[in-house]
Every structure is written in C-alpha cells, then in structure tokens.
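Colleague: So the mapping is simple: the working numbering equals the position in the sequence shown, first residue as 1, plus 56.
Just so you know, even glycine gets a beta-carbon here, dropped at the ideal spot from N, CA and C.
Note that the structure is a prediction, hence the values are computed from the model and not measured.
Starting off with a structure, shown below.
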Amino acid sequence: MKRFGIGLLVLLMMGCVEDSRKKVVVYSPHGKDLLKAYEQAFEAQNPQMDVVWLDMGAQAVYERIRTEAANPQADLWWGAPNILFQQAAEEGLLAAYRPTWADQVEGAFRDERNRWYGNFLTPVGIAFNAETVKEPPQKWDELLDPKWKGRILVRYPLESGTMVALFGALVMRQKNEIEGLRWLAKLDQQTKTYTADPTQLYIKLARQEGDLTLWNLPDILLQQKKGNPFGISFPANETPVLIDAIALVKGGRNQKEAIRFYEFVTSQEAMRDQAEEMYRIPVRKDIPPERLPAWIREYPISAMTIDWQVLGKRSKGWMKQWDEQVKGRGAAFLAEAGTPSNP
C-alpha cells in the first residue's frame, strides 16, 4: 500500500510537470513525418514547451479554423496554398506577424498586411506510374485524349487545398468561366475515380488501378523515395506553382510560444532541411542556391501566370458548381452547357 502511494505520488508529480509546459497547437497538412520531426527538434531546444499538432488536409484546416473562430483552438496554421490563407485573412481569422526574415521574401509571396507569409513554392503537374506510362502527357489538354479515358485518378478537390488551387487555375486558363467548367467536365469523363485522400491516391497509382493523376512535386518525390515507381511532367508555361504559407491564428491562446515555433520551422536551417528531406522549394532569397539540394535544379519549371486575387475570390464558387453539377456527370454537364469548344 505504501509502495502504491509513492508510485501514485510520482505519477501525479510527473503529470504536474507535463501540464506545466507551454503548449503550441499547430494545424497542418504537412504530414506526420515532418510534423513529428519538428515537434521533437523544437522540444529538444525548448523543453519547457509542448508542441501539439493535428495533421489534416489543407481545406480541412481552413474549415476548422473558420468553425472555431469564436473560440480558437489552434495557435499556428502551418501549410496550405496561399489562396486559402488569403480567404482566411479576409475573413479575419489570421493575426498579423512580421517574421524576422520578412525582407527575404518577394512581395508576391506574402500578404501585404503580414497576415501570412510564403515558405515554399509547390509546382503541380501530371504525375504517372512510370511502369505503365512511357510517354506521359506534356500538356493539360493531352489528358483529354481518348487513350487516357478511365486511366486517370483525381484527389477529391473539395478536401484538398492543392486541388482547389489547381482546378481554379485550370478554369482560369480558358477564355471564360463556362469554358473552364467544360474543360473540367471533359476531365471528369476521363476520370476513373476520385480518391478521398492522398494515401488512397498513392496506393491506387502504385497498384496500377490508374495510370495518371494531377499532383504536386514534393509528394511525388517523397513517394519515389519510398519506392513507388512514380514520375511527373510539367506543362510548359502552364505549370501552377502554389505558394505554401504559414500564419498565426487570430485569438490563439499561446501566441508568444507560437511565434517561437513559427521562427523555428522557417529558419534558414529548417528551410534547407525541409528542402533536403521533404523536397520543398524555399522562397527565402537569402539561401544561396549552392546550399540547396541538387534535385531542385533537376526540375526547371515554367510557371503559369496566375492572378491569385481572382483565384482566391472565385475558386470557392467554382468548386461548389463543379461538385454539384460536374462531378460524376461530365457528359450531362456538357450537354446542358451547350456545344463544348475544343480544348
């Protein structure tokens, strides 16, 4: 009984020590490997702090922060395409903060009112199973070739910030909105299935349940590293390059601690580490190219010109229309919308 009492006291003391640590709550789509690595690295240097992270899709992060606006649970939002941060900023969900490296980021890669800052550039292209596809499409319109019918896998866009941005960009490359939705309807006709999450996308592509998909460079390179036979091509002058960003959540309970984590994961050392280990392309100008990994130079990208303000304002409406009128009924949408023009 005495031994039990001492043991209970030790457990209670341990609990008190743990509870005394300052928490930082992070919402992020960056994946468990990266989040766990930076939790451990940060806590090793800051033993008085406890990083708590939730890994979810970028769109889910935005929706959750929006839902919790009256009683914010997160302190920091780490990762998602800039259009989601832009929407959140306009809705008053983000707190202004000017990081110590602010002058090392181009104006196009940050919010003019310091509500979000870009970390990485994320090219999105046409990914494929290299065992079944020897000559992958080099243009977006080549996805509409009849030979790819039933061979394309698509991550369900409404759960993915990457896909919302990409679909929006594909709408904007057409001469008007209806032509853009027609193009997506043609892609719908080619699509075998919409996957619920990236894991299912990778599994199906690796198992040759589909041969092509539309996805980002970092994730495809990570899958290559894990042994999956994936490749990726980038349409010339039409590659959307997303700005992956970071921001403080307005009303977060642990802002001072969140700023420390913010600066930690965006330091020069962290940027180089993430470029090396996670295939990220840093936006900071003060990192010499020779200090970045060679793989970045292996993927020269000719970026699509995108009006991010327009995309940010219109993408939500386009995706709602796509989900209600296009998904799974591409042929019917084309018939209802009139005679489609050639891509």
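Going by Cα to Cα distance, which pick from P137, Y335 and F98 is closest to V117?
Modeller: P137
Colleague: So L273 packs on P179, CB below 8 Å; how close in whole Å?
Modeller: Confirmed, about 5 Å.
Colleague: If we ignore side chains and look at the alpha-carbon of each, how far apart do V366 and L298 end up?
Modeller: 14 Å
Colleague: Does the stretch 237 to 249 come within contact of the stretch 282 to 294, defined as at least 3 CB pairs closer than 8 Å?
Modeller: Contact fails: fewer than three Cβ-Cβ distances are below 8 Å.
Colleague: Does the Cβ of K190 have 16 or more other Cβ atoms within 10 Å, making it buried, or fewer, making it exposed?
Modeller: It counts as exposed.
Colleague: Within the same chain, show all residues whose beta-carbon is closer than 6 Å to that of K195, passing over the 5 residues directly before and after it, in chain order.
Modeller: P291
Colleague: Identify which residue in T322, A164 and K341 has its Cα closest to the Cα of W134.
Modeller: T322
Colleague: Counting only runs that start and end within the stretch 156 to 186, where is the beta strand (DSSP E) found for 3 or more residues in a row?
Modeller: 173 to 185
Colleague: Which two residues bound the contiguous alpha helix (DSSP H) that contains P254?
Modeller: P254 to A262
Colleague: Out of K281, F141, N127 and W109, point me to the one whose CA is closest to Q115's CA.
Modeller: F141
Colleague: Using a 10 Å radius around the Cβ and a threshold of 16 neighbouring Cβ atoms, would you call N310 buried or exposed?
Modeller: That one is buried.
Colleague: Does the stretch 327 to 334 touch the stretch 103 to 113, meaning 3 or more C-beta pairs lie closer than 8 Å?
Modeller: no
Colleague: Using the Cβ count rule (16 or more neighbours within 10 Å means buried), how would you classify Q264?
Modeller: exposed
Colleague: Say whether chain B places a C-beta atom closer than 9 Å to the C-beta of F320.
Modeller: Chain labels in this structure do not include chain B; a single protein chain is all it has.
Colleague: From the DSSP output, in three-state form, read off G135 for me.
Modeller: strand
Colleague: Name the residue from M375, D159 and T251 whose alpha carbon lies nearest to the alpha carbon of Y212.
Modeller: T251
Colleague: Excluding the 5 residues preceding and the 5 following P344 in the sequence, name in chain order all residues of the same chain whose CB lies nearer than 8 Å to its CB.
Modeller: none
Colleague: Between the Cα of P356 and the Cα atoms of L304, G386, G373 and E294, which residue gives the shortest distance?
Modeller: E294
Colleague: According to the neighbour-count rule (16 or more other Cβ atoms, all chains shown, within 10 Å of its Cβ), is Q279 buried or exposed?
Modeller: buried
Colleague: Report the CB separation of Q246 from L200 in whole angstroms; it is logged as a contact under 8 Å.
Modeller: 6 Å
Colleague: Starting from the C-beta of A393, find all residues in its chain whose C-beta is less than 8 Å away, skip the five residues before and the five after it, and write them out in chain order.
Modeller: Excluding positions up to five away in sequence, the list reads I234, L237, R238 and A241.
Colleague: Looking at C-alpha atoms only, which residue of F176, P296, L209 and D253 is the closest neighbour of L226?
Modeller: P296
Colleague: Verify whether the separation of the beta carbon atoms of R370 and D244 is less than 9 Å.
Modeller: The answer is no: Cβ separation not under 9 Å.
Colleague: Please name the residue in V80, R353, M327 and H86 whose C-alpha comes closest to that of E99.
Modeller: V80
Colleague: Closest to Q143 by C-alpha separation, out of V161, W157, G217 and E187, would be which residue?
Modeller: G217
Colleague: With which residues is T249 paired in a DSSP beta bridge?
Modeller: In DSSP, T249 forms a bridge with L209.
Colleague: So for S38, helix, strand or coil by DSSP?
Modeller: The structure shown does not extend to residue 38, since the chain spans only 57 to 399, so no value can be given for it.
Colleague: Does DSSP put L240 in a helix, a strand or coil?
Modeller: The answer is helix: DSSP assigns L240 an H, G or I state.
Colleague: Return the chain-ordered list of same chain residues with a C-beta closer than 8 Å to the C-beta of F223, the five sequence neighbours on each side being excluded.
Modeller: Close CB contacts of F223 within its chain, under the 8 Å cut and outside five residues either way in sequence, are with P213, L240, S371, W374, M375 and W378 (chain order).
Colleague: Tell me S76's beta-bridge partners as DSSP assigns them.
Modeller: For S76, which the question treats as bridged, DSSP gives no partner whatsoever.
Colleague: Tell me whether the beta-carbon of Y94 lies closer than 9 Å to the beta-carbon of A301.
Modeller: no
Colleague: Quick check on DSSP: helix, strand or coil for T269?
Modeller: strand
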